[in-house]
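> Take 1149 as the starting number for the sequence shown in the working numbering and just add one per residue.
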Amino acid sequence: MFAKRFFSGSKRLLRRQEGFTLVEMVATVALLAILIGMSIGALSYYFASRSVDVAAREVMTQIREAQSLALATGNTHRIDFSGSSGTSYVLQRRQGADWVTVKGPLSLPGGVSFNSASQPLFGNDQYIEFYARGVAEDGQMVLEGRYGKSKTVTVEGETVNVNVT
């Protein structure tokens, strides 16, 4: 009798401890949803910042490539930022009186654009032109991303600098 009562009681005890209750599951899922929501916001902010960094590095690389091509070939090369979209640019070389596209159109990463209030200006033009000696007019452009992130790419004669603003 004792054995029967002992084993039947332990079965009831085990049955009660199997699995989770509905309240426990709902609480866990709600907590996970809150944590995931917070991390998505932080990741979105991080990737917006990174895309501006990547865009500045890509533009700087293309500017240096145009400068290198001008030095190597003795031919004038330019990067034209006057595209209508505000997110693309073209690498070109002079051929007689015309400009021939060497590379492009190249696009800025998603969410990044040239600042509409201060278009890229080099002298009075929306392009940077490197002459046979690799020299260009001074100028700058501002790249803007989401959440107010921006970078300024500055060209000073023979140098290309990226300034964080």
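Every residue gets a Cβ at the ideal spot worked out from N, C-alpha and C, and that includes glycine.
Evaluate the contact criterion for the stretch 1298 to 1308 versus the stretch 1280 to 1290: three or more CB pairs, one atom per stretch, below 8 Å.
Touching, yes, given that three or more Cβ pairs across the two stretches are closer than 8 Å.
> If contact is defined by three or more beta carbon pairs under 8 Å, each pair taking one atom from either stretch, is the stretch 1177 to 1196 in contact with the stretch 1218 to 1227?
With a cut-off of 8 Å, the stretch 1177 to 1196 and the stretch 1218 to 1227 do not count as touching, because too few Cβ pairs lie within range.
> Would you identify the three-state DSSP class for Tyr1316, choosing helix, strand or coil?
The question about residue 1316 has no answer here: the residues shown for the chain are numbered 1149 through 1313.
> Decide if the stretch 1223 to 1237 is in contact with the stretch 1168 to 1175; the criterion is three or more beta carbon pairs, one per stretch, under 8 Å apart.
At 8 Å Cβ cutoff, the stretches do not touch.
> Apart from the five residues just before and just after Phe1278, which ones in its own chain have a Cβ nearer than 6 Å to its Cβ?
Here residue 1278 refers to the residue found at position 130 when the sequence shown is read from its first residue. Contacts found: Ala1214, Gln1215, Ala1218, His1225 and Ala1284.
> Hey, is the stretch 1246 to 1261 in contact with the stretch 1198 to 1205, meaning 3+ C-beta pairs nearer than 8 Å?
The answer is yes - the stretch 1198 to 1205 touches the stretch 1246 to 1261, with three or more Cβ pairs under 8 Å.
> Which residue from Asn1223, Asn1263 and Leu1291 puts its Cα closest to that of Gly1244?
Residue 1244 sits at position 96 when you count from the first residue of the sequence shown. The option with the nearest alpha carbon to Gly1244 is Asn1223.
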